[in-house]
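In what follows, a structure is listed as structure tokens, so that the remarks can point back to it.
Number of protein chains: 2
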Amino acid sequence: MQLREMSPSQVRELIRSGGHSKPTAGLAPGFAQANLVILKKELAYDFLLFCQRNPKPCPVLEVTNVGDAQARLTAPGSDLRTDLPRYRVFEHGRLVDEPTDIVKYWRDDFVSFLLGCSFSFESALMDSGLEVRHITDVCNVPMYVTNIECQPAGVFSGPVVVSMRPYAPLDAIRAIQITSRYPAVHGSPIHFGDPSAIGIRDLHAPEFGDAVQIRSAEVPVFWACGVTPQAAIMRIKPDLVITHAPGHMFVTDLKDRDMSVF
Amino acid sequence: MQLREMSPSQVRELIRSGGHSKPTAGLAPGFAQANLVILKKELAYDFLLFCQRNPKPCPVLEVTNVGDAQARLTAPGSDLRTDLPRYRVFEHGRLVDEPTDIVKYWRDDFVSFLLGCSFSFESALMDSGLEVRHITDVCNVPMYVTNIECQPAGVFSGPVVVSMRPYAPLDAIRAIQITSRYPAVHGSPIHFGDPSAIGIRDLHAPEFGDAVQIRSAEVPVFWACGVTPQAAIMRIKPDLVITHAPGHMFVTDLKDRDMSVF
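Chains as they are written, first to last, in our numbering: chain Z, 2 to 263; chain P, 2 to 263.
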């Protein structure tokens, strides 16, 4: 069977059996992929509250039961210890391992957070005939740290990180309409135009990802980005945190189109 | 100053000073009113997760910091101990008091949850020229326990409770469109038509509120209701829970229209 024709559960099974350890972009098209953050239970309440107070950068798709490695609501039968192609293990804020499974790291007090990812709204943009520049350019989306502070919650705080896609005004209007329908995957943009208005000094020097070209008559359009919660977690250097490796996401059974609010 | 012309903060000040202890319907028109649930911190994580897993019946507007009586995000300067006209205090599931303030009950480990209330979407329905039958009939909205189970979370579980408003099909379609714009206050309906399909035996005998007339050519339309989380809490009979008294809501500074997603 072709990789791109597999269902989400077939993709997870393939990854679990060691048959795929590359990025997940393009797999199980039409189904939502998720960012993974695994924390110890002692941090879970503050982090869930941080997500509740900052839903645009931190859209929660599912929070597992304590110690449960299965995403029962968004991917029944899954195993979060094995079903992502690559993980990152951080101890006291330091990257210590990038394994293809986390069986040996698993703890009974782990809580897993699955957060919405912009792949879903980018599919919707492209389905509507809009270009997504970093996909055209075959690079990573440019991401910038802004001067907008998240609403803090417990031990978590930090700036909103945004991703940027350039559009001519008429396409920007359409992109605003389309992404407004997807609040579970960052929703509508939070800014367009002048980067300095949100504390971005140089569009050509993103803090994460790659710079993309902005053509004449295009304006940069900025969406809240899933790097925001990761940055907020790393600030406090927890003794143990596990995330997906960039681009190596969790493939859920949720259909992109079912996440649309209208 | 006329009561109906007061701003949300003026309404809260009036209530705080003992000048108003009646229901809040019609006060500070255009501003969102909220359901209040106060729990001890030990239950807060499970309850927040229950809300996250059941966003239609349990739309969270704000969760306060532990021990903080101020709703800093939705009503800066407020005091949740005094700013609602009447409260209900439950000990081990039993109603023990209906005071006009809860100063003497306050604890440093309290967490307050403000949940969206259907007043906001009913305003939007009426602004669009749609009738809201129980308002026409000057009674409470009829509410029914369904056979739809909430997604459980930790110690919390229970059936979805719905409210019902009857509409002719064309108005029902418009009502679906309008309420879809307000996911923070229960959002779109979860059913219309045959009550037995969701386990309702008799439309004339609601479990809560009052029956309303359903005219010929009208169909009942059902929305998830804020009684759902209250019922889930009462099931476990916590040693201490405080809520608003029915109809005696918390008036926030959030504008109804700012809760619209488009």
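Beta carbons are placed, not taken as given, at the ideal position from N, Cα and C, and that holds for glycine.
Bear in mind that the values here come from a model prediction, so they are computed numbers and not experimental data.
Residues of the region 40-54 of chain Z with a Cβ closer than 9 Å to any Cβ of chain P, in chain order: K42, A45, Y46, L49, L50, C52, Q53 and R54.
With contacts defined by Cβ atoms closer than 7 Å, S164(P) and I177(P) do not form a contacting pair.
Under the 7 Å criterion on CB atoms, V61(P) is classed as interfacial with respect to chain Z. Any Cβ of chain P closer than 7 Å to the Cβ of S181(Z) would place that residue at the interface, and such an atom is present. The beta carbons of D257(Z) and G31(Z) sit about 6 Å from each other, so the pair counts as a contact at 8 Å. Rounded to the nearest whole angstrom, the C-alpha separation of H249(P) and V161(P) is 22 Å.
The CB of V64(Z) comes closer than 7 Å to the CB of L50 and Q53 in chain P, given here in chain order. Under DSSP, F114(Z) shares a beta bridge with V38(Z) and V64(Z).
Residue-level contact by beta carbon holds for F263(P) and chain Z, with a gap shorter than 7 Å. Close partners of L74(Z) in chain P (Cβ separation under 9 Å): R54 and Q152. 7 Å or more divides the Cβ of P58(Z) from the Cβ of V186(Z). Secondary structure of E92(P) (DSSP, three-state): strand.
Shown in chain order are the members of the region 160-190 of chain P whose Cβ falls below 7 Å from a Cβ of chain Z: S181 and P184. Contact check for V12(P) against V252(P) passes: the beta carbons are separated by less than 7 Å. Residue pairing by DSSP leaves W107(P) without any beta bridge partner.
According to the DSSP secondary-structure assignment, F251(Z) is paired through a beta bridge with A35(Z). Counting C-beta pairs closer than 8 Å gives fewer than three between the region 136-147 of chain P and the region 70-87 of chain P, which falls short of the contact rule. As a beta-bridge residue in DSSP terms, P160(Z) pairs with E150(Z). Comparing alpha-carbon positions, the option among S119(Z), P170(Z), R5(Z) and Y46(Z) lying closest to S217(Z) turns out to be P170(Z).
CA-to-CA, the gap between F209(Z) and Y145(Z) works out to about 7 Å. The closest CA to that of R95(Z), considering only R236(Z), D259(Z) and K105(Z), is found on R236(Z).
For R17(P), the three-state secondary structure derived from DSSP is helix. Restricting attention to A233(P), T244(P) and A72(P), the CA atom closest to the CA of V156(P) is found in A233(P). P196(P) carries a helical assignment under DSSP once its states are collapsed to helix, strand and coil. A straight line joining the alpha-carbon of L81(Z) with that of F223(Z) spans about 31 Å. For I199(P), the closest C-alpha among the options W107(P), S119(P) and A225(P) is that of A225(P). Taking the Cα positions, N148(P) is about 19 Å away from C52(P). The shortest CA-to-CA distance from I174(P) to any of L126(P), R134(P), A212(P) and I136(P) is the one to L126(P). Between the alpha carbons of G117(P) and A33(P) lies a gap of roughly 8 Å. From the listed residues S18(P), G27(P) and I191(P), the smallest Cα separation to L4(P) is found for G27(P). Per the DSSP secondary-structure output, P221(P) pairs in a beta bridge with P167(P).
Using a 10 angstroms sphere on the CB of E43(Z), the tally of other CB atoms stays under 16, which defines it as exposed. Distance from the CA of P56(Z) to the CA of I215(Z), rounded to the nearest whole angstrom, comes to 28 Å. For the 7 Å CB-CB criterion, Q152(Z) and R73(Z) do not form a contact.
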